[in-house]
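Peer 1: Sending over a structure as structure tokens; questions will come in a sec.
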Amino acid sequence: MSLTTCTIHVIKRQERVVYLTSELAKTLKVAKARNVTLKLGSKSLYLQLKLLKKSGNQVYLPSYVYTQLRIPRSGTTLIVSDNTELRLGPLIGILTSVSPGNSAPFGSRTEFIRQFMQAGKDKAFYFGFSPRDVNWSQQTVNAVVPSGGGGWVRKVLPLPDVVYNRLPSRKAEKLASMNAFKNRFVRQGIPLFNWSFFDKWDVYNLLEDTDVFKNVPESRINPTPAQMKEMLEKHRFIYLKPTAGSLGIGIYRLTYNPRQGYYARFRRGERNVLLRFKKFESLMSLLNRQSSGLNGYVAQQGIRLIEIDSCPIDFRFHMTKNINNQWVVAAIGAKKAGRGSVTTHVRTGGQLMTPEQVLKEVLGTRAEAVLANAKETAIKLAEAIERNDRHTLGELGFDIGIDQNEHIWMFEANSKPGRSIFKHPALKEQGRRSLQYVFDYCLFLSRFRSRRDS
Ligand SMILES: Nc1ncnc2c1ncn2[C@@H]1O[C@H](COP(=O)(O)OP(=O)(O)O)[C@@H](O)[C@H]1O
Ligand SMILES: [Mg+2]
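Quick note: the sequence shown uses the UniProt record's numbering, first residue 1, plus one each step.
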């Protein structure tokens, strides 16, 4: 296998030929071949090969070939050879929801997708698409591609080499039809990564019996009143969270104090509420009134987080795979809870900081060692989740806590991590780098690597 970049030019001819400069043909080890198969995504053509005595890595394609292969644009991209098979690309499809109109076809995700497309600019073809844009019988996608001046256009393209799943709706993703849709790619040998949203309870189960189970707080799904009482006595405080929830919505923090009784802290509308109950039964009747018997809720051991100004701090570890299929910590953001808030979300008054800032202030000279340990734990957590999950994972967003004994805890694993930590000016560069890693992982999955890299 040989890999290099090349520049594609279109020529006005109607022949089944591909012209390569002899330098490029030599690099691709096809200089002696008379015919090659040229591929883009799922489309391929058997063509005569002609060499041009010119320098550089140039590919000249007759317009017939260019149109048949449905190449999205001319210019620079990667080319990889395997004997006499030449693949242009990679063709990267971003699966998401597409709205009508072409100024922001991917809604609030448009800017993120635009940035991702920059990561491998000149090294790949990118498009966005939604499930209804795929035509399986034609093996094509009615794709949304960037059009020069910042706008977007539709183009019919081959099926991609790899699918990056950023479907935004938890509900839609749970449908059997969506499962079947995604499986169809996998069955055709097209890798799709970030299979679907995680439920908190699923992740807990995936990690049971692994070496990092000690880093997950004890949890129970659909807890009975007796189980909650027992957890409160054992841990003194617990979190109640919807297993399929996000953004801190529907979360309660319950505290038990043998002399004073029970406290419930939660958010109601725009306000943080703190209620006290003498009896456990009164606490339960509040919860039953608000959250219909805690169906679909996970009760989780509360962790005494490190604090600044009496506000708990937790961390977002943004994990990605790299070109060698290994997990890396691409970025870490620290989040300080808003006063009286149950969670650290910015939405509820949380403040974004850098981990260095926080850890130095809280742990002094221990900061570096604790951060290194947290990174190592995060990688082990990612590896353990991946090992026990059946699907291909390329990204994870961990909500990580450090307790007052410096033990590392993982509250939540997000399989389609948000990018709010990258709003911090000191994390912008890491944000860019995280997308570079995702791009590199696409190269790995689509086999756009040379022998040397493997
Ligand atoms: N067991 C816990 N102990 C201490 N704090 C917690 C615990 N679980 C959650 N939190 C706090 O609440 C936040 C939100 O919880 P999380 O599990 O990430 O739910 P969500 O899906 O709503 O983001 C966490 O980032 C953390 O600050
Ligand atoms: Mg979270």
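Just so it is clear, CB atoms sit at the ideal spot from N, CA and C, and this is done for glycine as well.
Suppose you measure from the CA of GLY349 to the CA of THR320; what does that come to, to the nearest Å?
Peer 2: Approximately 28 Å between the Cα atoms of the pair.
Peer 1: What are the start and end residues of each continuous alpha helix (DSSP H) run of 4 or more residues lying completely inside the stretch 125–202, in chain order?
Peer 2: Counting only runs of 4 or more, we get 170–174, 176–187.
Peer 1: Any idea if VAL329 is buried or exposed, counting beta-carbon neighbours within 10 angstroms, 16 or more meaning buried?
Peer 2: So VAL329 ends up on the buried side.
Peer 1: Pick out whichever of ARG34, LEU363, LYS54 has its Cα sitting closest to the Cα of GLU307.
Peer 2: Selected option, being the one with the closest Cα: LEU363.
Peer 1: Which residue's Cα is closest to the Cα of GLY41: PRO90, LYS26, LEU28?
Peer 2: If we check each option's Cα against that of GLY41, PRO90 comes out closest.
Peer 1: Between the C-alpha atoms of ALA244 and GLU395, what's the straight-line distance to the nearest angstrom?
Peer 2: Each residue's alpha carbon lies about 18 Å from the other.
Peer 1: Using only the alpha-carbon positions, how far apart do GLN300 and SER282 sit?
Peer 2: Looking at the two C-alpha atoms, the distance is approximately 20 Å.
Peer 1: Between the C-alpha atoms of ASP314 and THR27, what's the straight-line distance to the nearest angstrom?
Peer 2: The straight-line gap from Cα to Cα measures roughly 50 Å.
Peer 1: Give the single residue among GLN260, ILE385, PRO417 whose Cα lies nearest to the Cα of SER246.
Peer 2: Closest by alpha carbon: PRO417.
Peer 1: When DSSP labels each residue in this structure, what does LEU247 get in the three-state scheme?
Peer 2: Residue state, collapsed to three classes: coil.
Peer 1: Does DSSP classify SER454 as helix, strand or coil?
Peer 2: With a pLDDT of 45 at SER454, under the threshold of 50, the predicted position of this residue should be treated as unreliable, though the coordinate-derived value follows. Looking at SER454 - three-state DSSP - the assignment turns out to be coil, as it is neither helix nor strand.
Peer 1: Tell me whether LYS43 sits in a helix, a strand or coil according to DSSP, three-state version.
Peer 2: Strand.
Peer 1: CB of GLU406 to nearest heavy atom of ligand 1: below 7 Å?
Peer 2: No.
Peer 1: What residue range is occupied by the uninterrupted beta strand (DSSP E) comprising GLY89?
Peer 2: Start and end: 85–89.
Peer 1: For LEU445, which residues in the same chain have their Cβ closer than 6 Å to its Cβ, ignoring the five residues on either side in sequence?
Peer 2: Cβ within range, chain order: VAL162, PRO191.
Peer 1: Below 7 Å, is the gap between the Cβ of GLU412 and the nearest heavy atom of ligand 2?
Peer 2: True, at least one ligand heavy atom lies under 7 Å from that Cβ.
Peer 1: Under the rule that 16 or more other beta-carbon atoms within 10 Å means buried, what is TRP327, buried or exposed?
Peer 2: By the 10 Å Cβ count, TRP327 comes out buried.
Peer 1: Excluding the five sequence neighbours on either side, which residues of its own chain have a C-beta within less than 6 Å of the C-beta of LEU38, listed in chain order?
Peer 2: Counting only Cβ-Cβ distances below 6 Å, and skipping sequence neighbours, we find VAL18, LEU45, LEU47, LEU86.
Peer 1: Ignoring anything shorter than 4 residues or poking outside the stretch 332–388, list the alpha helix (DSSP H) runs there in chain order.
Peer 2: As far as the stretch 332–388 is concerned, its whole alpha helix (DSSP H) runs of at least 4 residues are 355–363, 367–388.
Peer 1: Answer with buried or exposed for SER415, where buried requires no fewer than 16 other C-beta atoms within 10 angstroms of its C-beta.
Peer 2: So SER415 ends up on the buried side.
Peer 1: From ASP453 to TYR441, what distance separates their C-alpha atoms?
Peer 2: Residue confidence for ASP453 is low, a pLDDT of 48 falling below 50, so the modelled location carries little weight and cannot support an answer.
Peer 1: Quick one: what does DSSP say ASP309 is sitting in, helix, strand or coil?
Peer 2: Here ASP309 sits in coil by DSSP.
Peer 1: Compute the Euclidean distance between the alpha carbons of THR224 and PRO100, then round it to the nearest angstrom.
Peer 2: Approximately 46 Å, taken between the alpha carbons.
Peer 1: Express the C-alpha separation of GLY296 and LEU159 in angstroms, rounding to a whole number.
Peer 2: Roughly 38 Å separates the two Cα atoms.
Peer 1: Determine the contact status of LEU427 and ALA331, defining contact as a CB-CB distance below 8 Å.
Peer 2: Going by C-beta atoms, LEU427 is nearer than 8 Å to ALA331.
Peer 1: Of the choices TYR252, SER285, TYR256, LYS279, whose alpha-carbon is the least far from that of VAL273?
Peer 2: Checking every option, the nearest Cα to that of VAL273 belongs to TYR252.
Peer 1: Would you call the stretch 175–194 and the stretch 211–221 in contact, with 3 or more CB pairs under 8 Å?
Peer 2: At 8 Å Cβ cutoff, the stretches do not touch.
Peer 1: Ligand 1 heavy atoms versus the CB of THR243: any closer than 7 Å?
Peer 2: Outside the cutoff, so no.
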